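Each number in the working numbering corresponds to the 1-based position in the sequence shown with 155 added.
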Amino acid sequence: MNKAYCPSLVEYKRRKTRVVNIGGIPVGGDYPIRVQSMTTVDTMDTLGSVEQCIRMIEAGCEYIRITAPSIKEAENLQNIKEELNKRGYQVPLIADIHFTPNAAEVAARIVEKVRVNPGNYADKKKFQVIEYDDVSYQAELDRIRERFVPLVRICKEHGTAMRIGTNHGSLSDRILSRYGDTPLGMVESALEFIRICEAEGYYDIVISMKASNTQVMVQAYRLLVQKLDEEGLQPYPLHLGVTEAGEAEDGRIKSAVGIGTLLEDGLGDTVRVSLTEAPEAEAPVAQALIDRYTHRAEKAKPIKPVCNVPINPFQYHKRETVEVENLGATNVPRVMADFSRLTDVQYADLKCVGHLYSMLLDKFNMNDLGADYIYTGDNAISFMLPNGLKEMVNYGAWLQAEQRDDRHPLIEATAYVQGVEFHRSLNFILATINDLTSELLEKLKQDNTAVLVLHTENEHAMPELRKCFFRLMNNGVQNPCIIKRAYGKLTDDEVQLYAATDVGGLLIDGLGDGILLGTEQLPAQEKPLELQTIDKLNNLSFGILQAARTRMSKTEYISCPSCGRTLFDLQETTAMIRKRTDHLKGVKIGIMGCIVNGPGEMADADYGYVGVGKDKIALYRGQNVIKKAVPADRAVDELIDLIREDDKWIEPVQVID
C-alpha cells in the first residue's frame with residue numbers, strides 16, 4: 156500500500172505545487188501561505204459588502220469570498236469590485252457558487268476566482284441510493300462535463316482561477332452510491348472535475364476537501380495528494396479549512412486540529428478558518444496558525460527518517476495497547492491536570508478540573524470536564540481524592556509519601572531501565588525520543604504496569620512524537636502513552652492552536668491514550684492565577700479530545716460561519732441554542748444559516764436547525780427533515796421536543812456549591 160502523502164514525515168518541507176495567479180496575488184509554489192475569509196453581508200448590499208471587505212482586509216485577509224447564489228448576486232459583484240477599487244483596495248474576489256452554473260459563468264467574467272462544489276454544481280442531492288453500472292456512470296460523467304465545460308472555457312479565456320471545493324456533507328448521490336460517505340468519495344468527486352479541466356488545458360485550480368469531522372478532513376486531503384500524484388495530474392495548491400468549526404474556543408481548537416495537522420506535514424497553500432463570528436475575527440486565527448511555520452525548518456532539531464509507517468494515514472485506527480488501570484485498550488483518552496507548582500492544594504482547588512466539593516453535603520460532584528489524573532510533582536496531596544480522580548507524583552515524592560498505593564510514581568526513563576521500586580499496578584515512565592532505546596523497549600514489553608509519558612522540546616514537536624509512536628509500534632510495544640506538551644508565555648489563542656495541533660495531530664491517527672498540558676514553562680504565578688491557568692488547560696485538553704473525535708465530553712455544535720445567504724443571526728441563535736442544550740454530552744447539533752449549508756454540511760449532526768425562509772426554520776433528525784417551516788420564536792423549544800422524543804434529553808443538574 157502506498158502511504159506517501161507529503162514531502163517528509165520528519166522534516167518540515169512545504170509540498171511543491173503549481174503556482175496559481177489570483178488577481179496578482181499568487182498562491183502555491185514558494186509563495187507564502189495565504190489568508191482568506193468570506194463576507195456575511197447580503198451580496199446585494201453593495202456598500203455593506205464593501206465596508207465588511209475593508210474590515211476583513213485590515214484584519215489580514217488576502218482573498219475575499221462572496222456568495223453568488225443567483226445571477227443577480229453574481230452581477231452585483233461588479234459593483235462591489237468597482238467600489239473597492241475606487242477606495243484603493245485591489246483585493247482579489249472569489250465568487251462562491253452552489254447549484255447555479257449560470258451564476259458561475261457570469262461571476263467568472265468579473266472576479267478573480269470562482270469556487271464550485273462538485274457535489275451540487277451539476278447534481279441535485281435527493282439522498283437516494285442508485286445502482287450504477289459502468290455505462291450509466293459514464294453517462295452521468297458526460298452530463299457533468301456538458302454542464303461544467305462552459306465555465307472552464309470562460310475561466311481560461313478571462314484568466315480566472317477556480318477552486319474545486321469538495322465538502323464531506325454535500326457529496327452527490329452518485330458519488331455516495333459508488334464510494335460511500337468516505338474520504339475516497341470526496342477525492343473522487345473533485346478528481347472528476349479536475350480531469351475535465353485538464354482535458355481542456357486549464358490548470359489554474361486550487362482544491363479543498365472540507366469536513367466538520369477533522370479525521371475525515373485530514374484523511375481526505377492526504378488521499379487527494381496521493382491520488383493526484385498517482386494519476387499523473389498536476390500538483391495543485393490546497394485550500395485548507397474545517398467546515399462549520401463553530402465559535403469561540405471550540406471553533407479555534409477544531410480548526411487547529413484539522414488545519415494544523417496538515418500544515419505540520421507541509422500541506423496547504425491558503426487557509427480559511429470558519430468561525431461562527433464576524434469574518435474579520437477569522438483572519439488573525441488563520442495567520443497565527445500559518446506563522447508557526449515561518450521559521451520551522453531552521454528551528455527544528457533533526458529527526459531520523461521513518462523506515463516503516465505502521466499506520467494507515469487515510470483511515471482512523473486506534474493504536475493497539477494493553478489496559479493499565481483505566482488507560483489504554485478500549486478506554487477513552489484520559490486527561491491529566493498539572494498541579495505540580497502548587498504546594499497547598501485544598502478541596503476547593505479541584506473545582507478548576509471539574510471536581511466540585513460541597514461543604515454542605517461533604518461530598519464531591521464531577522462535571523463532564525472532570526480530569527482523570529492530577530500531577531502534583533513533589534507535593535503529594537494531603538487528603539483523600541474523590542472517586543474518579545487519581546494522582547501522579549514525582550518518583551522521589553512517591554518514595555517518601557504515606558499510602559503509596561493511592562498515588563502513582565512518575566519515573567525518569569533512565570532510572571526505570573536501571574531498576575527501581577515500582578507501584579504494584581500503575582507506573583508512569585517519562586521519556587523523550589532519545590530514551591526509546593532497545594533496552595527500554597524490551598523492559599516495557601515485559602511490564603504490564605507501565606504507561607509512557609512522551610514529551611519533546613523539539614520545535615517540530617508533533618512529527619517527533621509521531622516518530623516515537625512509530626518506533627513503539629514497529630517494536631511491538633503496546634504500553635499506553637500519555638502525550639505531554641508544555642508552552643512558554645504565549646497568548647491564550649496561541650496555546651489553543653499549538654496544543655490542538657501538536658496533540659490533535661497525533662490523536663487523529665489513533666496515537667495517544669491521554670494528554671498532559673504542563674505548566675513548567677510558564678512564569679510562576681500566585682495561586683488564584685495558577686488555578687485559572689489549570690482550569691484553561693483542563694478545558695483545552697477536553698476540547699482537543701472532542702475536536703479529534705476521540706472523547707466526546709460535551710455537546711458539539713456544527714455551526715456555519717454565516718454568509719450572505721444566512722437567514723437569521725447565527726451568532727445569537729447559536730448562543731441561544733448552546734445555553735439551552737450545552738449539558739447534553741455527546742449530542743451533535745447542526746446550526747445552519749440556509750439550505751445550501753443545510754442537511755449536507757451538517758452530515759455528522761444528530762439534529763439540525765436550518766434557516767429556510769424569513770423567520771422560518773426547518774428541524775432535522777440526522778439527514779431527514781422532520782419539521783419544514785417552524786416559526787423562529789418556537790424553533791428552539793421544538794428542537795428540544797425532538798430531542799426528548801428520542802430519549803436523549805436530560806434535565807440540567809443544579810450543583811450545590
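Beta carbons: idealized from backbone N, C-alpha and C, even for Gly.
It should be emphasised that the depicted structure is a prediction, and the values quoted were computed from it without experimental measurement.
- The Cβ atoms of glycine 274 and threonine 321 sit closer than 8 angstroms to each other.
- The beta carbon of alanine 258 sits closer than 8 angstroms to those of Ala223, Pro224, Ser225, Ile226, Glu228, Ala229, Ala250, Ile252, all from its chain and outside the five residues before and after it, given in chain order.
- Serine 363 is bridged by DSSP to Gly320.
- Taking the Cα of valine 266 as reference, the smallest distance to any Cα among Cys462, His313, Leu417, Ile299 is reached at His313.
- Contact between cysteine 636 and aspartate 668 holds: their C-beta atoms lie close to 6 angstroms from each other, under 8 angstroms.
- When beta bridges are read from the DSSP output, valine 269 appears opposite Ala250, Met317.
- Here alanine 503 has Tyr512 as same chain residues with Cβ atoms under 8 angstroms from its own Cβ, once five neighbours each way along the sequence are excluded.
- Its chain contains Ala773 as the residues whose beta carbon lies nearer than 6 angstroms to that of valine 780, once the 5 sequence neighbours on both sides are disregarded; these appear in chain order.
- Residues Met491, Lys545, Met547 of the same chain have their beta carbon placed closer than 6 angstroms to that of tyrosine 528, with the five preceding and five following residues left out of the count.
- Under the three-state reduction of DSSP output, serine 513 falls in the strand class.
- Separation of the CB atoms of glutamine 633 and valine 477 is rounded to 5 angstroms, and the pair is thereby assigned contact status at 8 angstroms.
- The criterion of a C-beta distance shorter than 8 angstroms is satisfied by asparagine 549 and glycine 532.
- Judged by pairs of C-beta atoms under 8 angstroms, the stretch 419–436 does not touch the stretch 587–596, as fewer than three such pairs exist.
- If you draw a 10 Å sphere on the C-beta of asparagine 240, you find fewer than 16 other C-beta atoms in it, and that means exposed.
- Counting along the chain, proline 564 sits inside the beta strand (DSSP E) bounded by residues 562–567.
- Distance from the CA of proline 460 to the CA of glycine 179, rounded to the nearest whole angstrom, comes to 38 angstroms.
- With contacts defined as CB atoms closer than 8 angstroms, cysteine 216 and valine 190 qualify as a contacting pair.
- Under the three-pair Cβ rule at 8 angstroms, the stretch 698–713 counts as touching the stretch 401–413.
- Bounds of the beta strand (DSSP E) holding aspartate 493 are 489–493.
- In the three-state reduction of the DSSP assignment, asparagine 234 falls in the helix class, which pools H, G and I.
- Between the alpha carbons of tyrosine 358 and glutamine 389 lies a distance of about 8 angstroms.
- In chain order, Asp770 place their CB closer than 8 angstroms to the CB of aspartate 788, counting only its own chain and leaving out the 5 sequence neighbours on each side.
- Under the three-state reduction of DSSP output, serine 593 falls in the helix class.
- Around the beta carbon of glycine 356, fewer than 16 other beta carbons lie within 10 angstroms, which makes this residue exposed.
- Note that the C-beta distance between isoleucine 362 and leucine 379 is below 8 angstroms.
- Taking all protein chains shown into account, serine 192 has 16 or more neighbouring C-beta atoms within 10 Å of its C-beta and is therefore buried.
- By the neighbour-count criterion, in which a residue is buried when 16 or more other Cβ atoms sit within 10 angstroms of its Cβ, proline 187 is exposed.
- For lysine 644, the three-state secondary structure derived from DSSP is coil.
- The closest CA to that of tyrosine 244, considering only Asp278, Arg562, Lys268, Val205, is found on Val205.
- Under the three-state reduction of DSSP, threonine 531 is assigned to strand.
- A Cβ-Cβ distance of about 22 angstroms is found for the pair valine 572 and leucine 671, leaving them out of contact under the 8 angstroms criterion.
- Between tyrosine 276 and proline 305, the C-beta spacing is not below 8 angstroms.
- Its Cα nearest to that of aspartate 648, the residue Leu692 stands out among Phe624, Leu692, Gly763.
- Short of 7 angstroms from the beta carbon of isoleucine 212, and not among the five residues preceding or following it, lie these beta carbons of its own chain, in chain order: Tyr244, Val246.
- Separation of methionine 628 and asparagine 542 (C-alpha to C-alpha, rounded to the nearest whole angstrom) is 33 angstroms.
- Under DSSP, lysine 782 forms a beta bridge with Leu774.
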